[in-house]
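For the sequence shown, the residue numbers in full-length UniProt numbering are 1 to 466.
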Amino acid sequence: MTLLITGGTVIGPTGAAPADVLVDGETIAATYAPGTGPSDTETLDATGRYVIPGGIDAHTHMELPFGGTFASDTFDTGTRAAAFGGTTTIIDFAVQRTGEVVRDGLAAWHAKAEGNCHVDYAFHMILGGVDDDSLKAMDQLVADEGISSFKLFMAYPGVFYSDDGQILRAMQKARDNGAVIMMHAENGIAIDVLVRQALARGETDPIHHGLTRPEALEAEATHRAIMLAEVARDCPLYIVHLSASRALAEVAAARDAGRNVFAETCPQYLYLTLEDQLGAPGFEGAKWVCSTPLRSKHETHQRDLWQGLRSNDLAVVSTDHCPFCFKDQKELGVGDFSKIPNGIGGVEHRVDLLYQGVVDGKLSLERWVETIATTPARMFGLYPRKGVIQPGSDADIVLYDPNGRTRIGVETHHMNMDHSAYEGYEIAGKVETVISRGEVIVSSGEYRGAKGRGKYLPRGLSSYLV
């Protein structure tokens with residue numbers, strides 16, 4: 001099947017230009033000056049629309065077990081919601097906990113995802129127990145499984161935590177095999193002390209989740225991770241869900257020195273705050289408990305994060321999509337904020353929320369596309385198959401209407417959640433048509449895709465390193 005997308009403006013990291021795009025089967029066959037493409041094929045009118053590569057959400061947690069429950073989106077519901085929001089690829093996290101076999105963890109995540117995804121998917125690997133066996137497995141996963149990024153945690157002692165020695169060994173292995181180390185950078189040992197002290201004082205409300213995870217402990221851990229990566233001969237380091245100004249400054253300094261240090265942020269840190277969301281009356285703030293936490297609106301975090309996106313000190317916007325329903329899941333932490341499952345759902349809204357940054361003058365069209373699609377593809381070994389509109393790439397294409405409107409809310413979203421983190425937000429733009437490998441799967445709010453059509457994507461090494 002061939003399809004000619006006509007009349008639109010193609011947006012890429014190098015600029016915007018009117019062009020027609022020819023899709024042949026699952027890939028992009030050619031781009032043409034407007035009106036010069038073949039006349040004997042089906043057409044899709046994109047007049048007045050931006051034509052952008054399908055979004056790549058490089059940080060999701062479908063069905064993640066956490067805090068005595070599971071993330072409420074399955075690979076079925078979560079990837080369907082992603083499609084509605086213009087995301088055509090996710091990179092989720094397979095999990096190895098302390099004492100478990102890495103390959104067993106990977107097999108378990110393949111079993112969750114296979115036959116259930118509506119869009120294409122890949123995996124990072126969480127290493128919760130760094131030892132001789134897991135280090136050997138890193139080489140095997142890079143060579144044989146198409147997994148070229150490994151996530152470590154400086155937080156969550158007793159669950160995922162790695163000490164500095166384990167982190168250094170994993171970084172040394174990644175430096176040798178070409179992988180990227182992803183880091184949850186918070187000082188979990190110190191945080192646990194602050195949590196125990198707060199609970200002992202009777203401070204149990206959700207806002208104390210944020211107050212016991214101060215930005216100083218994110219900045220300290222970020223600095224420590226950067227220094228350990230330096231000792232590991234500049235192992236590529238990617239800081240996940242960066243939320244605060246001082247952590248960003250650590251990343252910026254390393255990048256200014258020419259280091260292979262990168263970072264992502266998430267929409268929640270660009271729009272939501274400690275006071276307005278985590279500090280909501282009663283237990284309502286539990287809806288916004290995530291780690292790293294939302295930061296204070298009385299400081300400059302959001303301004304600095306937008307600046308970081310403009311300057312490329314923040315390279316990627318992901319969601320850290322890890323939804324939990326308020327009823328029966330978030331409520332596990334009533335009377336003890338430390339028992340609230342950590343996570344916010346947003347896989348459906350990332351493309352829209354970042355486009356609002358364009359409307360508000362905080363981001364260019366080109367950086368919008370870079371941060372949501374092109375750079376994730378390059379960073380994580382999917383480029384040029386994904387993340388760009390050019391001949392030979394997968395035909396993952398979104399027609400975005402800059403004159404449309406999107407109202408976010410629980411009544412209209414497609415994620416498996418009983419609330420919305422962005423309830424009532426109005427976006428001055430709209431995802432109109434979503435094409436995944438040449439198939440129209442969303443059109444004007446109607447779903448045309450199918451469970452199981454998403455394919456697993458073995459990844460190569462990063463093509464984003466300096």
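All residues carry an ideal CB built from backbone N, CA and C; glycine is no exception.
Considering only DSSP beta bridges, list what K430 is partnered with. For the purposes of this step, residue 430 is taken as the residue at position 430 of the sequence shown. Looking at the DSSP assignment, K430 forms a beta bridge with D401.
What does the alpha-carbon distance come out to for the pair G381 and G282? Residue 381 sits at position 381 when you count from the first residue of the sequence shown. Residue 282 sits at position 282 when you count from the first residue of the sequence shown. Going by the C-alpha atoms only, they are around 44 Å apart.
Sub-8 Å separation of K151 and F93 beta-carbons: Numbered from 1 along the sequence shown, position 151 holds the residue referred to as residue 151. Numbered from 1 along the sequence shown, position 93 holds the residue referred to as residue 93. A contact, by the Cβ cut-off of 8 Å.
Contact defined as beta carbons within less than 8 Å: I believe K287 pairs with H419. What is the distance between those atoms, to the nearest angstrom? Counted from its first residue, the sequence shown places residue 287 at position 287. Counted from its first residue, the sequence shown places residue 419 at position 419. Right, their Cβ atoms sit about 5 Å apart.
Going by C-alpha to C-alpha distance, which of L22, I427, G15, T14 sits closest to G7? Counting from 1 along the sequence shown, the entry for residue 7 is found at position 7. Residue L22 is the option with its Cα nearest to G7.
Should T300 be labelled buried (16 or more other beta-carbon atoms within 10 Å of its own) or exposed? The residue given as residue 300 occupies position 300 in the sequence shown. Counting Cβ neighbours within 10 Å, T300 comes out exposed, since fewer than 16 surround it.
For H298, count neighbouring C-beta atoms within 10 Å of its own C-beta (all shown protein chains included) and say buried if the count is 16 or more, exposed if not. Translated into positions along the sequence shown, residue 298 becomes position 298. H298 is exposed by the Cβ-count criterion.
What residue from I52, L4, M183, W306 has the CA that sits closest to T43's CA? As a working note, residue 43 is residue 43 in the sequence shown. Taking only the C-alpha atoms, the option nearest T43 is L4.
Where C235 and N260 are concerned, what is the direct C-alpha to C-alpha distance, given to the nearest angstrom? Looking up residue 235 in the sequence shown gives position 235. Looking up residue 260 in the sequence shown gives position 260. For C235 and N260, the distance between alpha carbons rounds to 7 Å.
Could you give the first and the last residue of the continuous beta strand (DSSP E) run that contains V23? Here residue 23 is taken as the residue at index 23 of the sequence shown, counted from 1. 20–24 is the span of the beta strand (DSSP E), which, as asked, contains V23.
Supposed close pair I340, K327 - CB separation, criterion 8 Å: As a working note, residue 340 is residue 340 in the sequence shown. As a working note, residue 327 is residue 327 in the sequence shown. With a Cβ gap of about 13 Å, I340 and K327 do not count as contacting.
Bounding residues of the alpha helix (DSSP H) (the contiguous stretch that carries H209): For the purposes of this step, residue 209 is taken as residue 209 along the sequence shown, with counting starting at 1. From DSSP, the alpha helix (DSSP H) with H209 extends over 207–211.
Which listed residue (G449, L465, E218, L457) has its alpha carbon closest to that of residue 478: Examination of residue 478 is not possible in this model, given that the chain is present from 1 through 466 alone.
CB of D139 to nearest heavy atom of the ligand FAD: below 7 Å? The ligand FAD is not part of the structure shown, which contains no ligands of any sort.
Using CA atoms only, rank isn't needed, just tell me which of L461, L135, N416 is closest to A82. Start at 1 with the first residue of the sequence shown, and residue 82 comes out as number 82. Comparing Cα-Cα distances from A82 to each of L461, L135, N416, the minimum goes to N416.
Contiguous beta strand (DSSP E) assignments of at least 3 residues, all confined to the region 374–421: 397–401
The alpha helix (DSSP H) with A198 in it runs from where to where? Walking along the sequence shown from the start, residue 198 turns up at place 198. Its alpha helix (DSSP H) spans residues 188–200.
Distance, I389 Cα to S39 Cα: Your numbering for residue 39 matches position 39 in the sequence shown. Your numbering for residue 389 matches position 389 in the sequence shown. Looking at the two C-alpha atoms, the distance is approximately 21 Å.
Are there three or more Cβ pairs, one per stretch, closer than 8 Å when the region 233–253 is compared with the region 206–222? Contact holds: three or more Cβ-Cβ distances are below 8 Å.
For the candidate residues G67, E26, I56, whose alpha-carbon lies nearest to that of G343? Working through the sequence shown from its first residue, we reach residue 343 at position 343. When each option's Cα is compared against that of G343, the closest is G67.
Quick one: what's got a C-beta closer than 7 Å to R49's C-beta in the same chain, skipping five residues either side? Within the sequence shown, residue 49 is the residue found at index 49, counting from 1. Excluding positions up to five away in sequence, the list reads G8, L399, Y400, D401, E432.
Taking the beta carbon of G158 as the centre, do at least 16 other beta carbons fall within 10 Å, making it buried, or is it exposed? Here residue 158 is taken as the residue at index 158 of the sequence shown, counted from 1. Flag for G158 reads exposed.
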